[in-house]
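Undergrad: In full-length UniProt numbering, the protein residues as written are 1 to 377. For each residue, glycine too, the CB sits at the ideal point set by N, CA and C.
#1: Helix, strand or coil: how does DSSP classify residue 376 here?
#2: Roughly how many angstroms separate the alpha carbons of residue 322 and residue 46, rounded to a whole number?
#3: I'd like to know whether the C-beta atoms of residue 51 and residue 82 end up nearer to each other than 7 Å.
#4: Name the residue from 324, 307, 299, 305 whose alpha carbon lies nearest to the alpha carbon of residue 315.
#5: Within 8 Å, do at least three Cβ pairs link the stretch 155–164 to the stretch 225–243?
#6: Under the rule that 16 or more other beta-carbon atoms within 10 Å means buried, what is residue 95, buried or exposed?
#7: Measure the C-alpha to C-alpha separation of residue 120 and residue 89 and round it to an integer number of angstroms.
#8: Work out the CA separation of residue 215 and residue 13 for me, nearest whole Å.
#9: Taking residue 275 as the reference, which of 240, 220, 312 has the closest Cα?
#10: I need the boundaries of the beta strand (DSSP E) containing residue 140, first residue and last residue.
#11: When the Cα of residue 67 is compared with those of 355, 333, 286, which residue comes out closest?
#12: Just to confirm my understanding: we take residue 376, look at its own chain, exclude 5 residues before and 5 after, and list those with CB closer than 8 Å. What are they?
#13: Can you give the Cα-Cα distance for residue 197 and residue 213, rounded to whole angstroms?
#14: Comparing alpha-carbon positions, which option in 93, 195, 273 lies nearest residue 248?
#15: Any idea what DSSP makes of residue 110, helix, strand or coil?
#16: What are the boundary residues of the alpha helix (DSSP H) that residue 230 is part of?
#17: Using only the alpha-carbon positions, how far apart do residue 244 and residue 141 sit?
#18: Could you compute how far the alpha carbon of residue 61 sits from the alpha carbon of residue 210?
#19: Among residues of its own chain, excluding the 5 on either side of residue 348, which ones have a beta-carbon nearer than 7 Å to its beta-carbon?
#20: Can you tell me whether residue 300 is helix, strand or coil according to DSSP?
#21: If residue 167 and residue 6 are in contact, beta carbons under 8 Å, what's the gap, nearest whole angstrom?
#22: Is it the case that the Cβ atoms of residue 108 and residue 29 are separated by a distance below 7 Å?
#23: Let me confirm a value: residue 273 is counted as buried when at least 16 other C-beta atoms fall within 10 Å, else exposed. Which label applies?
#24: Might you give, ordered along the chain, the residues of its own chain that have their beta carbon closer than 7 Å to the beta carbon of residue 116, omitting 5 neighbours on each side?
#25: Pick out the complete beta strand (DSSP E) segments inside the stretch 248–272, 3 residues or longer, and give them in chain order.
#26: Would residue 335 and residue 368 be called neighbours here (beta carbons separated by less than 7 Å)?
#27: Does the Cβ of residue 373 have 16 or more other Cβ atoms within 10 Å, making it buried, or fewer, making it exposed?
#28: Should residue 295 be labelled buried (16 or more other beta-carbon atoms within 10 Å of its own) or exposed?
#29: How big is the Cα-Cα spacing for residue 263 and residue 284?
#30: What span of residues does the beta strand (DSSP E) with residue 196 cover, start to end?
#31: Measuring only the C-alpha atoms, how far is residue 57 from residue 350?
#32: Tell me the DSSP secondary structure of residue 358 in three-state form.
#33: Just to confirm the assignment, what range does the beta strand (DSSP E) spanning residue 42 have?
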């Protein structure tokens, strides 16, 4: 395992970027440590250094007073772990290992009965008017052998995505095959987010695949789910945007990946000047596509039902440049690989009033196919 390395499938150099040999690692394990971590990141960035790493989902509990009591007593990862680097390198300078690496079939922690019980609780909350949508997830467990970086290489070759990453800052390795952008800020101060909500499995042949894609594009249920999250993110972004600058240039775009078609939309705005990373994360984190709507109530309901920390899953992995440019993914389809080979990741999806438990459970298991090395077919 390569210690002190973060690799992005794309990243700031485009075509693959690597951050290696950090000068320092900024870490926050408790909510009380978060302010110092944000401040350390700002000092590093303002002194001309780069940042790269991850923010766990539970860091979101520290951004809102009403969520603070929900912080799980047991978590496996820090709330924040970010390396401080001189600069990124081109990924071509770091050839991926070709040594053997294997991944066992993943086993769900929840069976259909357990999922259905939680699903019914969500429907009760929806009927009561507490929420419109809940992103309900559950853990999967597997076992890996070999170098996690070699496993990342195999997964990457099997399923190209726009926002994949490999993170090793000591402890477990994080392998992300995320197709979803949380947000990016460009050199002109424009922020964009691309919420992903609405999924259908790929077809067995071209005819079926095209029909499934067309079905998703026309699905009123999936459009409604997507629009709920677009509205949530428009509201979140308006908290950091110049007045009147929030736009939605694209709605209900269909993107195709190795195992699924996904519905995405695009929200853009110009960011207020002089906002720090802590300001941005307080306003935006975690991404609404992995919580539900309204966000605060959705996060409370998720805490009641899931009974386990998500850790990096549904958090964010990304980088920050000295200029203030930055990009973070939504850490879905993201696994944690411990040194003893244990692997954990979550799967799930948005539950709305007309969802069914069996369809949502089957869709979640289908999403887990990102964590397989078998050939696509």
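TA: Let me spell this out:
#1: Residue placement at residue 376 cannot be trusted, given a pLDDT of 49 that sits under 50; what the coordinates show is reported in the next sentence. Coil.
#2: 6 Å
#3: yes
#4: 299
#5: no
#6: exposed
#7: 49 Å
#8: 36 Å
#9: 240
#10: 133–146
#11: 286
#12: Note that residue 376 scores 49 on pLDDT, short of 50, meaning its location in the model is unreliable; the coordinates nonetheless yield the value given after this. Taken in chain order, the residues that qualify are 158, 159, 258, 259.
#13: 14 Å
#14: 195
#15: coil
#16: 220–238
#17: 46 Å
#18: 41 Å
#19: 135, 136, 137, 138, 364
#20: helix
#21: 5 Å
#22: no
#23: exposed
#24: 357
#25: 260–270
#26: no
#27: exposed
#28: buried
#29: 21 Å
#30: 196–201
#31: 16 Å
#32: helix
#33: Unbroken run through residue 42 is the alpha helix (DSSP H), 34–46; no beta strand (DSSP E).
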